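Numbering (this note's numbering), first residue to last: 962 to 1418.
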């Protein structure tokens, strides 16, 4: 019996050691991946990745301020952009619990001057199903003198209310910032306090998110990062000339935070804090287009995730939580622009955690192919009846666009005549030919899976 016990103990210790080595290996791979991403100018910021309460990676990459040669560190504060919407929605549901209003109320109660107010509910605003025009779509660079300074809310409301609806409320999903701007003003109307004070009172203070803030221009905190439109080996272009004031981003994107504070927030999501379990159930029940009140809900590697990203001049952010595996991924980046996202980095990081295939980022210089070869790839490729991919040729450069999937027109770089690289999301695009040499399919190798799109024209 003594020999069997000793053998069993050794067996258990070996298992524990193997698990420890596995976690160490995952942490090392995560660091190697993000170091490579930083080297090719795809990640400049902070990452915090936690599984079952154990930190797999907490590290800073690149510069907080390049001109001053100050590196990012664990205290760096980044703008989180549209992740702000999660806090706005939480405040709304908390106030509903207190009997201040119902999400089924129409806007006529709060904005009687809006001609479509009777047709739209608060829930339509929360779920991007209102049909209201997106006010930020009207802001161009020539508006910088206006939007980079404090703006009266009535001006923003006038811009939102002057447009016709894009569709009948409740019938479609169309991501917009206007709905969340209106939610911020509703919060103020029913509480008599500012939107920002409500977020502090209901979320920041209870969770001790002491390093999260709104009005960055008047903050004296030296941890606030400089945002860059471009930050690479040859160009260091700050986004300061196009840094929107918090009165513009407001309840749709004004929060600044750290990875540690955002982890406190992710734990509130995981443990159903701040609002009731019933309210959390509503917040995490899929509505249209995999969107709920303030999260995207989807599967990755067969595992359920709730996530959201943010993209704003100078900053890109991403928060992902795997509900069953208790994995949190927080990525805060102080370089970027509109339409840029870290979904691809998140997918690769997830692949490392769950031992799935992934590719280390590298500088794909590519090869030059003549136009008479590139023209063969041009056309429309269908994933299904609703989702289409368009390949165009512009100035000896193939461009790929997937409007329904949120992919803006982006360059494809050829490794050979079959494999191309889509840098914006770190994806490999494979083209399939028939026996006659005609292109018949496009296969996107991304998120650890291969999506096939058939060429239709």
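Cβ atoms here follow ideal geometry from the backbone N, Cα and C, with glycine treated the same way.
This one's a predicted model, so the numbers in the text were calculated from it and none came from an experiment.
In this structure, does DSSP put residue i in helix, strand or coil?
i	result
residue 1397	coil
residue 1380	strand
residue 1058	helix
residue 1135	coil
residue 1003	coil
residue 905	What the structure shows of the chain is the stretch from 962 to 1418, and residue 905 is not part of that stretch, so it cannot be assessed.
residue 1307	helix
residue 1332	helix
residue 1199	strand
residue 1348	coil
residue 1032	strand
residue 1256	coil
residue 1392	strand
residue 1327	coil
residue 1071	coil
residue 1182	coil
Work out the CA separation of residue j and residue i for me, nearest whole Å.
i	j	result
residue 991	residue 1318	13 angstroms
residue 1185	residue 1210	17 angstroms
residue 1029	residue 1321	30 angstroms
residue 1270	residue 1396	42 angstroms
residue 982	residue 989	Its pLDDT being 45, under 50, residue 982 is placed unreliably by the model, and nothing is read from it.
residue 1121	residue 1064	20 angstroms
residue 1404	residue 1314	24 angstroms
residue 1159	residue 1148	8 angstroms
residue 1090	residue 1137	9 angstroms
residue 1067	residue 993	51 angstroms
residue 1414	residue 1234	42 angstroms
residue 1231	residue 1062	26 angstroms
residue 1126	residue 1023	43 angstroms
residue 1262	residue 1312	8 angstroms
residue 1279	residue 1006	12 angstroms
On the DSSP bridge assignment, give the partners of residue i in chain order.
i	result
residue 1363	1368
residue 1188	Answer by DSSP bridge pairing: none, since residue 1188 is not bridged.
residue 1281	1268, 1290
residue 1414	1403
residue 1020	1008
residue 1096	Answer is none; residue 1096 lacks a bridge partner.
residue 1353	1360
Whose C-alpha, out of the options, is nearest the C-alpha of residue i?
i	options	result
residue 1071	1032, 1196, 1279, 1145	1145
residue 945	987, 1016, 1143	For the chain, the structure presents residues 962 to 1418; residue 945 sits outside this window and is missing.
residue 1219	1227, 1129, 1213	1227
residue 1292	1199, 1014, 1035, 987	1035
residue 1192	1118, 1325, 1298	1298
residue 1289	1223, 1360, 1378, 1180	1223
residue 1171	1037, 1201, 1061, 1267	1037
residue 1000	1133, 1113, 1195	1195
residue 1286	1058, 997, 1012, 1410	1012
residue 1310	1326, 1168, 1187, 1282	1282
Does the Cβ of residue i lie closer than 7 angstroms to at least one heavy atom of the ligand HEM?
i	result
residue 1185	What this structure holds is no ligand at all, so the ligand HEM is not there to describe.
The stretch 1254-1266 contacting the stretch 1041-1061, beta-carbon criterion three pairs below 8 angstroms: yes
For the stretch 1158-1174 against the stretch 1080-1099, do three or more pairs of beta-carbon atoms, one drawn from each stretch, fall closer than 8 angstroms, so that the two count as touching? no
Do three or more CB pairs link the stretch 1329-1346 to the stretch 1355-1363 at distances below 8 angstroms? Yes: at least three Cβ pairs fall under 8 angstroms.
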